[in-house]
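Before any comments, here is the structure.
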Amino acid sequence: MGLNYRKSFKIGKNTRVNVSKTGGIGISTGTKGVRVSVNKKGVRTQVGSNGMYYRDQYNFKNNSNTSYEAELISTDNISHNLPKELKAKASTKQWVLVLIGLFSVLIGSQNNSLIALFIGIIFCIWSLFCKDTRASLKYNIATFHFFKGNFDKSLNYAYKSRYIKDTEQVNKLIRLIIEKTSK
Numbered sequence: 587m588g589l590n591y592r593k594s595f596k597i598g599k600n601t602r603v604n605v606s607k608t609g610g611i612g613i614s615t616g617t618k619g620v621r622v623s624v625n626k627k628g629v630r631t632q633v634g635s636n637g638m639y640y641r642d643q644y645n646f647k648n649n650s651n652t653s654y655e656a657e658l659i660s661t662d663n664i665s666h667n668l669p670k671e672l673k674a675k676a677s678t679k680q681w682v683l684v685l686i687g688l689f690s691v692l693i694g695s696q697n698n699s700l701i702a703l704f705i706g707i708i709f710c711i712w713s714l715f716c717k718d719t720r721a722s723l724k725y726n727i728a729t730f731h732f733f734k735g736n737f738d739k740s741l742n743y744a745y746k747s748r749y750i751k752d753t754e755q756v757n758k759l760i761r762l763i764i765e766k767t768s769k
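In this note's numbering, the protein residues as written are 587 to 769.
Put into structure tokens, the structure is as follows:
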């Protein structure tokens, strides 16, 4: 048996930053009965508690969703090559700020520097609320599901991306998905 530790820092009313011995950093937020957690392994959502609950986990490494029921779709007729204008391009400025935020969280947690930790958390939270970042994330998820052949989920995320920020790129993807599903 080895020595283990786990430390939680409360950063808001219902939000915590969790740090473990292995260098794992996670953020969890939610109220009693509803919780969302993000760490290096993936995203976990949980609804309900004490006996009856629903838990969903998305693993970053192998892109598997534990509560996802896969549909068997023939991918022979799917065009896996999106036109160049439909491929998402993330803003360099956004990625630089996100990387600065993650680096600050890492440095702050390793050196017990609350200022660096605070700056990192601010940058990470900013990236979640930035309109362009959220729209780009939804668009990338839509293209991911398009490639897997799950057109319903792809169309759903494309509509979410268009709701956040209406661009010609998203509208072209929506038209392409509708064209594929109408065949």
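For each residue, glycine too, the CB sits at the ideal point set by N, CA and C.
- Label residue 761 either buried or exposed according to how many other C-beta atoms from any shown protein chain fall within 10 Å of its C-beta, with 16 as the threshold for buried. On the sequence shown, residue 761 is found 175 positions in, with the first residue counted as 1. Burial call: exposed.
- Item | As assigned by DSSP and simplified to three states, the class of residue 617 | Mapped onto the sequence shown, residue 617 falls at position 31. If DSSP states are grouped into helix, strand and coil, residue 617 belongs with the strands.
- Item | For residue 719 and residue 701, the rounded distance between their alpha carbons | Residue mapping note: residue 701 aligns to position 115 of the sequence shown, counting from 1. Residue mapping note: residue 719 aligns to position 133 of the sequence shown, counting from 1. Straight-line Cα distance between these residues: approximately 25 Å.
- Message: Out of 747, 759, 604, which one is the CA nearest neighbour of residue 626?
- Response: For the purposes of this step, residue 626 is taken as the residue at position 40 of the sequence shown. For residue 626, the nearest C-alpha among the options comes from 604.
- Item | Best match in 618, 619, 703, 735 for proximity to residue 612 [C-alpha to C-alpha] | Here residue 612 refers to the residue found at position 26 when the sequence shown is read from its first residue. For residue 612, the nearest C-alpha among the options comes from 703.
- Count the other C-beta atoms from every protein chain shown that fall within 10 angstroms of the C-beta of residue 696, then say buried if there are 16 or more, exposed otherwise. Counting from 1 along the sequence shown, the entry for residue 696 is found at position 110. Answer is exposed; the Cβ neighbour count stays below 16.
- Task: Inspect the beta-carbon positions of residue 711 and residue 690 and report whether they are closer than 8 Å.
- Result: Within the sequence shown, residue 711 is the residue found at index 125, counting from 1. Within the sequence shown, residue 690 is the residue found at index 104, counting from 1. Not a contact, by the Cβ cut-off of 8 Å.
- Item | Sequence-distant residues of its chain with Cβ nearer than 6 Å to residue 606 (five each side left out) | Sequence index remark: in the sequence shown, residue 606 carries index 20 (1-based). Only 592 meet the Cβ criterion.
- Message: For the beta strand (DSSP E) containing residue 600, name the first residue and the last one.
- Response: The sequence position of residue 600 within the sequence shown is 14, counting from 1. No beta strand (DSSP E) holds residue 600; DSSP gives it neither H nor E.
- Task: Tell me, to the nearest whole angstrom, how far the beta carbon of residue 728 is from that of residue 743; I am working on the premise that it is less than 8 Å.
- Result: In the sequence shown, the residue the question calls residue 728 occupies position 142. In the sequence shown, the residue the question calls residue 743 occupies position 157. With 8 Å as the limit, residue 728 and residue 743 qualify as a contact, their Cβ atoms being about 4 Å apart.
- Is it buried or exposed for residue 737, if we count other Cβ within 10 angstroms and need 16 for buried? Taking the first residue of the sequence shown as 1, we reach residue 737 at position 151. It counts as buried.
- Item | CA-to-CA distance, residue 768 to residue 709, given in whole angstroms | As a first step, residue 709 must be located in the sequence shown, where it is residue number 123. As a first step, residue 768 must be located in the sequence shown, where it is residue number 182. Rounded to the nearest angstrom, the two C-alpha atoms are 42 Å apart.
- Unbroken alpha helix (DSSP H) runs of length 4 or more, entirely within the segment 696 to 749: which are they? 700 to 715, 717 to 734
- Close-in-space but distant-in-sequence residues of the same chain around residue 617 (CB under 6 Å, 5 per side omitted): On the sequence shown, residue 617 is found 31 positions in, with the first residue counted as 1. Excluding residues within five positions, the ones whose Cβ falls inside 6 Å are 600.
- Does DSSP put residue 593 in a helix, a strand or coil? The sequence position of residue 593 within the sequence shown is 7, counting from 1. Correct three-state label for residue 593: strand.
- Leaving aside the five residues before and after residue 631 along the sequence, list all residues of the same chain whose C-beta is less than 6 Å from its C-beta, in chain order. Here residue 631 corresponds to residue number 45 of the sequence shown, with the count starting at 1. Taken in chain order, the residues that qualify are 622, 642.
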